[in-house]
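*Asks:* Can you read through this structure? Questions will come right after.
There are 2 protein chains.
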Amino acid sequence: MNAEFAPYQNLQARCREIACITSATSLLSWDQETYMPHQALEFRADQLGFFSGWAHRLFTSPEVGDWISACEQHGFAAGAVPAANVREWRRQYDRQTRLPTALVEEFQRTTSLAREAWVEARRQSDFPRFQPHLEKILGLRRRMADCWGYEGSRYNALLEEYEPGARADHLRRVFAELRPAIVALLPIAARLNERTPADLLAGHYPVASQQAFNREVAAAVGFDFEAGRVDTTAHPFCTTLGPRDVRLTTRYDEGDFTQSLYGVLHEAGHGLYELGLPTEHYGTPAGSAVSLGIHESQSRLWENHVGRQAGFWRHWHPTACRYFPNLKQFTPEQIVAALNRVEPSFIRVEADQVTYDLHIILRFEVELLLLEGELPVAEVPAFWNEQFGKMFGLKVPDDAHGCLQDIHWSLGSLGYFPTYTLGNLNAAQLFAAANRALPTLAGELGRGHYGSLLQWLRLAVHQQGQCLPPDQLMRAATGEPTRDRCHVEYLRRLLAG
Amino acid sequence: MNAEFAPYQNLQARCREIACITSATSLLSWDQETYMPHQALEFRADQLGFFSGWAHRLFTSPEVGDWISACEQHGFAAGAVPAANVREWRRQYDRQTRLPTALVEEFQRTTSLAREAWVEARRQSDFPRFQPHLEKILGLRRRMADCWGYEGSRYNALLEEYEPGARADHLRRVFAELRPAIVALLPIAARLNERTPADLLAGHYPVASQQAFNREVAAAVGFDFEAGRVDTTAHPFCTTLGPRDVRLTTRYDEGDFTQSLYGVLHEAGHGLYELGLPTEHYGTPAGSAVSLGIHESQSRLWENHVGRQAGFWRHWHPTACRYFPNLKQFTPEQIVAALNRVEPSFIRVEADQVTYDLHIILRFEVELLLLEGELPVAEVPAFWNEQFGKMFGLKVPDDAHGCLQDIHWSLGSLGYFPTYTLGNLNAAQLFAAANRALPTLAGELGRGHYGSLLQWLRLAVHQQGQCLPPDQLMRAATGEPTRDRCHVEYLRRLLAG
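Protein chains in written order, with our numbering: chain G, 1 to 497; chain S, 1 to 497.
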């Protein structure tokens with residue numbers, strides 16, 4: 001087999017070394033969030049910096065470029081794993097080596113200061129304090145985009161970091177259809193709210209009961225506790241420490257079991273993707289997740305399309321009542337109505353399924369205008385508040401509840417937000433395709449049988465690794481590129497009850 | 001200051017890199033014992049191998065040798081930190097570079113197979129199954145000793161790994177006095193046992209109560225939970241993940257609170273040493289523990305000389321009774337008598353304070369004879385059982401309870417065992433010196449005030465790092481090299497009640 005070509009094997013071996021390092025940094029970060037004693041912070045930060053610098057040097061050294069060139073000249077058969085690996089190695093190598101070291105270091109210094117400034121600016125709801133930092137970040141991001149190169153919008157060069165092949169134009173078109181479709185749903189949602197009070201499920205749900213119930217649910221959907229675990233952190237996440245080692249986290253509110261449950265189900269969706277990647281290609285592109293928009297589709301599919309549905313609760317209601325006697329007073333349908341209550345609100349991370357994407361669309365529009373120099377940074381708050389009013393029908397009380405709410409810009413992560421909505425759109429589209437391919441799926445899910453859905457996702461998504469770029473993966477799995485149609489239909493059905 | 005010599009700074013920087021790596025391997029190992037999901041094992045093993053190989057290459061590369069030579073020619077002032085670092089770097093560099101890679105690899109393969117064979121041999125109490133592995137290990141250890149070089153006994157070259165500067169002759173002399181002194185105590189102990197039944201403290205001690213009580217005790221002796229934590233593992237240990245990050249572990253038996261309590265106090269003793277090392281020299285010899293025999297002295301001092309005493313229990317009895325109502329029926333003196341009950345038994349790790357060192361002395365004698373070729377491996381069981389009978393007055397029922405009980409030989413760790421007894425001797429000698437220096441110490445300990453003892457140990461031991469070799473450290477701290485006198489006196493007092 002032509003993968004026995006020495007430069008290709010050298011690249012595989014180098015990737016294996018880098019995987020050892022990045023897995024260790026993931027463990028160091030996981031430990032920092034879960035168990036690390038407080039005073040360890042300073043050394044841990046040095047240590048993480050050392051490892052990420054070392055992994056970067058290992059991948060960007062000249063011999064890696066030579067090996068990639070040799071592989072390109074060798075010409076692997078299109079469609080097979082080696083060709084996909086070489087394509088991705090080239091993309092990543094060029095991105096990493098095209099940035100001058102001085103620019104990378106300036107970006108790290110700038111975002112480090114910006115993050116501190118943002119924490120303080122949000123606390124005091126004081127945008128001018130953050131403004132010069134955001135201006136500097138935008139300038140650096142433009143320079144980085146110019147180093148990377150792009151066609152069309154400069155924003156494409158940033159999108160490439162999170163969603164290879166995504167284009168601002170395409171997102172603009174999709175979001176232009178999505179925005180009015182969601183806004184049109186808001187009056188319907190408001191009428192439904194009269195039937196279901198906001199605090200319907202409020203009660204006492206002990207942490208130990210939540211943990212036990214969540215574990216039953218996560219195991220049932222296929223998360224393998226021999227190859228993963230769930231811990232507690234301030235912000236839920238999923239991290240991969242090895243081909244058979246995926247760690248989820250969640251947080252607990254004893255007055256609200258849904259936060260930890262849907263946190264676990266969301267992160268388990270990410271975890272199922274990671275555990276479904278082909279382990280024989282671990283560390284190489286063919287063994288890695290393809291994009292954030294596809295990753296988020298897996299978490300949202302299990303969290304929402306499986307977990308926030310009447311069929312799910314008809315099956316789990318008796319078990320849930322064993323752990324949470326308070327739920328005995330409700331029917332599964334009442335629980336689902338409470339879970340899916342729609343209420344425009346200021347904070348993205350607390351948003352319901354319907355209004356969530358409006359937050360993203362607004363932020364995408366602001367990012368595009370900022371990057372292209374069409375909106376001065378000083379005018380962001382006014383622009384934000386005006387657009388927010390139009391979309392949500394709410395008056396933003398202060399910038400902490402408006403344009404300052406999110407950490408991402410202070411990290412320099414422009415181009416990241418759209419992947420949240422891509423995740424929602426991809427989830428709906430993949431779930432619709434799975435239902436077409438598996439006509440008995442709805443009935444199976446209603447009986448708590450998740451195996452055939454997982455198997456379908458394994459083949460259509462997980463096992464692909466990065467062999468297909470995200471848009472081609474969506475075409476192959478669903479017959480079309482990412483569109484808003486399935487998601488809008490899903491939201492309409494949700495409100496139709 | 002003359003440490004601004006470039007080769008010295010290069011060595012410091014290299015040590016800092018190596019410390020980042022070894023700290024990561026310590027976290028990987030800690031995680032493996034505490035939280036890692038089962039299926040992660042295979043990748044974790046590869047990863048640990050990768051990191052230890054890499055750390056080894058970083059330290060044994062030729063430029064490191066050049067830097068050390070340059071430092072030696074530069075001539076740092078004797079007694080100061082740089083001179084001590086250079087002395088230790090030289091010692092470690094020579095040890096690591098004198099072994100041919102092929103020999104190291106053969107040793108790793110051999111011990112890996114030997115460990116598996118030992119597990120099975122012990123399970124079936126079948127020494128012949130382990131015999132060829134032990135023979136091969138001895139052959140390799142002899143070759144390694146010859147590569148390292150030694151004066152006097154070849155055993156000295158192995159001791160050097162765990163206890164720099166220790167000599168078989170000295171140990172033989174010390175142990176020759178210690179052995180009869182301990183044997184002479186056994187009849188006294190047997191008479192005492194008539195007063196205190198073996199299961200006196202048996203009761204129900206919930207894990208959560210044990211955890212809370214242990215935490216109070218560990219915090220009181222000075223273990224800083226902002227810079228460390230306690231987790232649960234099958235075998236207790238202490239590991240250092242950074243200058244302010246020390247992790248202890250223990251295990252729980254709900255029928256016996258003493259196992260977890262003294263596990264924590266023992267490991268906290270190790271942890272106090274690690275947290276007391278000078279953080280500004282972290283990663284270099286001056287910031288590292290000096291030897292296993294000194295390390296073990298710190299754990300045994302807190303576990304036994306502080307923790308298993310009447311003063312300790314007079315202070316802690318009311319608190320312990322809050323957590324464990326069962327203890328209300330006993331006086332502190334009864335509890336101490338039960339803790340210090342002496343009963344010859346077969347298994348070292350379950351041995352009491354008095355008979356413990358007999359296990360070590362026997363194993364040391366066997367190791368010496370084996371290494372010097374004076375005892376064929378096939379005759380180990382017979383020799384062991386005969387000597388054991390003479391020392392303990394017990395007939396060994398099978399090899400699993402005899403020469404096969406310990407894992408160390410299968411790991412190739414010959415020369416390790418004596419450090420356990422050195423730890424006991426050093427603990428008694430240091431504690432006696434502390435009492436001479438601090439005349440009010442006994443009273444303070446009886447009131448639960450541990451600060452001045454810890455402060456004395458910080459100055460006499462912890463802050464020294466490796467600036468003095470272990471025997472010089474003992475002379476500086478106690479006025480004499482490691483001897484058996486203080487330990488024997490301590491044991492006699494223990495039995496005098």
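For every residue, glycine included, the Cβ atom is placed at its ideal position computed from N, Cα and C.
What in chain S is Cβ-close to Pro-243/G, meaning under 7 Å?
*Replies:* Chain S residues near Pro-243/G: Phe-43.
*Asks:* Starting from Val-119/S and walking both ways along the alpha helix (DSSP H), at which residues does that stretch end?
*Replies:* Taken as a continuous stretch (DSSP letters only), the alpha helix (DSSP H) holding Val-119/S covers 101-124.
*Asks:* Could you please give the first and the last residue of the uninterrupted beta strand (DSSP E) stretch that includes Thr-249/G?
*Replies:* Segment 245-250, the beta strand (DSSP E) holding Thr-249/G.
*Asks:* Say whether chain S places a C-beta atom closer than 8 Å to the C-beta of Met-1/G.
*Replies:* With a pLDDT of only 48 at Met-1/G, under the threshold of 50, the placement of this residue in the model should not be trusted; the figure read from the coordinates follows. Chain S, which has no Cβ nearer than 8 Å to the Cβ of Met-1/G, makes this no.
*Asks:* Give me, in chain order, the residues of the same chain whose beta-carbon lies closer than 7 Å to that of Gly-446/G; leave out the 5 immediate sequence neighbours on both sides.
*Replies:* Hits under 7 Å: Gly-311, Arg-314, His-315.
*Asks:* What in chain S is Cβ-close to Phe-225/G, meaning under 8 Å?
*Replies:* By Cβ distance, chain S contributes Pro-37.
*Asks:* Among the candidates Arg-16/G, Ser-69/G, Arg-90/G, Gln-9/G, whose CA atom is the shortest distance from the CA of Leu-48/S?
*Replies:* It is Arg-16/G.
*Asks:* Any beta carbon of chain G sitting closer than 8 Å to that of Ser-153/S?
*Replies:* Judged by the 8 Å Cβ criterion, Ser-153/S is not in contact with chain G.
*Asks:* If you draw a straight line from the alpha carbon of Met-1/S to that of Gly-152/G, how long is it in whole angstroms?
*Replies:* No answer about Met-1/S holds up, because its pLDDT of 48 lies below 50 and its placement is not dependable.
*Asks:* Which one of Leu-277/S, Pro-418/S, Leu-248/S has the shortest CA to CA distance from Val-264/S?
*Replies:* It is Leu-248/S.
*Asks:* What residue range is occupied by the uninterrupted beta strand (DSSP E) comprising Thr-239/S?
*Replies:* Run containing Thr-239/S: 238-242, per the beta strand (DSSP E) assignment.
*Asks:* By the three-class DSSP mapping on this structure, what secondary structure does Thr-518/G have?
*Replies:* Outside the displayed span of chain G (1 to 497) sits residue 518/G, for which this structure offers no information.
*Asks:* Does the segment 336-351 of chain S come close enough to the segment 122-142 of chain S to have 3 or more Cβ pairs within less than 8 Å?
*Replies:* With the cut-off at 8 Å, the segment 336-351 of chain S and the segment 122-142 of chain S do not touch.
*Asks:* Quick check for students: name the residue ranges of the alpha helix (DSSP H) that lie wholly in the segment 182-240 of chain G, counting only runs of 4 or more.
*Replies:* DSSP runs (the alpha helix (DSSP H)) wholly in the segment 182-240 of chain G: 186-193, 207-221.
*Asks:* Could you check whether the segment 108-115 of chain S touches the segment 131-146 of chain S, counting it as contact only if at least three pairs of C-beta atoms, one from each stretch, sit closer than 8 Å?
*Replies:* Counting Cβ pairs under 8 Å, three or more are found: they touch.
*Asks:* Should Phe-59/S be flagged as near chain G, meaning a C-beta pair shorter than 8 Å?
*Replies:* With 8 Å as the cut-off, Phe-59/S does not count as an interface residue toward chain G.
*Asks:* Report the partner residues of Asp-253/S according to the DSSP bridge assignment.
*Replies:* Answer by DSSP bridge pairing, in chain order: Asp-256/S.
*Asks:* Does the beta carbon of Gly-415/S fall short of 7 Å from some heavy atom of the ligand FMN?
*Replies:* Absence of the ligand FMN is noted for the structure shown, with no ligands found whatsoever.
*Asks:* Please list, in chain order, all residues of the same chain as Arg-154/S whose beta carbon is under 8 Å from its beta carbon, the five residues on each side excluded.
*Replies:* If we look at Arg-154/S and ignore the five residues flanking it on each side, its Cβ neighbours are Arg-142, Ala-145, Asp-146, Leu-371, Glu-372.
*Asks:* Does the segment 422-442 of chain G come into contact with the segment 382-401 of chain G, if we say contact requires no fewer than three beta-carbon pairs (one atom in each stretch) closer than 8 Å?
*Replies:* With a cut-off of 8 Å, the segment 382-401 of chain G and the segment 422-442 of chain G do not count as touching, because too few Cβ pairs lie within range.
*Asks:* CA-CA distance, Val-396/G and Leu-438/G?
*Replies:* So the two alpha carbons sit approximately 45 Å from each other.
*Asks:* Quick check: Cys-71/G and Val-86/G, are their CB atoms within less than 8 Å of each other?
*Replies:* Yes, the Cβ-Cβ distance between Cys-71/G and Val-86/G is below 8 Å.
*Asks:* Compute the beta-carbon to beta-carbon distance between Leu-375/G and Ala-121/G, rounded to the nearest angstrom, for a pair I have assumed lies under 8 Å.
*Replies:* No, Leu-375/G and Ala-121/G are not in contact; Cβ-Cβ is about 18 Å, not under 8 Å.
*Asks:* Determine the chain G residues that contact Phe-50/S at a beta-carbon separation under 7 Å, and present them in chain order.
*Replies:* Those within 7 Å of Phe-50/S in chain G are Glu-17, Cys-20.
*Asks:* Identify each residue in the segment 258-292 of chain S for which the Cβ-Cβ distance to at least one residue of chain G is less than 8 Å, and report them in chain order.
*Replies:* Those residues of the segment 258-292 of chain S that come within reach of chain G (Cβ to Cβ, closer than 8 Å) are Tyr-282.
*Asks:* For Ala-184/G versus Leu-495/G, is the C-beta distance shorter than 8 Å?
*Replies:* No. Outside cutoff.
*Asks:* In whole angstroms, what separates the C-alpha of Ser-26/G from that of Ala-45/G?
*Replies:* When rounded, the distance between both Cα atoms is 13 Å.
*Asks:* Does Glu-367/G pass the burial test, meaning 16 or more other C-beta atoms within 10 Å, or should it be called exposed?
*Replies:* Buried, since its Cβ has 16 or more Cβ neighbours within 10 Å.
*Asks:* Gly-293/S and Thr-419/S: beta carbons closer than 8 Å?
*Replies:* Yes, these two residues count as a Cβ contact at 8 Å.
*Asks:* Does the CB of Ala-40/S have a neighbour CB from chain G at under 8 Å?
*Replies:* Yes, because at least one Cβ of chain G sits closer than 8 Å to the Cβ of Ala-40/S.
*Asks:* Thinking C-beta only, is Tyr-273/S closer than 8 Å to Pro-243/S?
*Replies:* For Pro-243/S and Tyr-273/S, no; Cβs fall outside 8 Å.
*Asks:* Is Asp-31/S helix, strand or coil by DSSP?
*Replies:* If DSSP states are grouped into helix, strand and coil, Asp-31/S belongs with the helices.
*Asks:* Would a C-beta distance cut-off of 8 Å place Glu-163/G and Ser-288/G closer than the cut-off?
*Replies:* No, they are not a contact pair.
*Asks:* Please compile the residues from chain S whose C-beta is within a distance smaller than 9 Å of the C-beta of Ala-24/G.
*Replies:* By Cβ distance, chain S contributes Ile-21, Ala-24, Thr-25, Leu-27, Leu-28, Gln-47, Phe-51.
*Asks:* Which of helix, strand or coil does DSSP assign to Pro-381/S?
*Replies:* Correct three-state label for Pro-381/S: helix.
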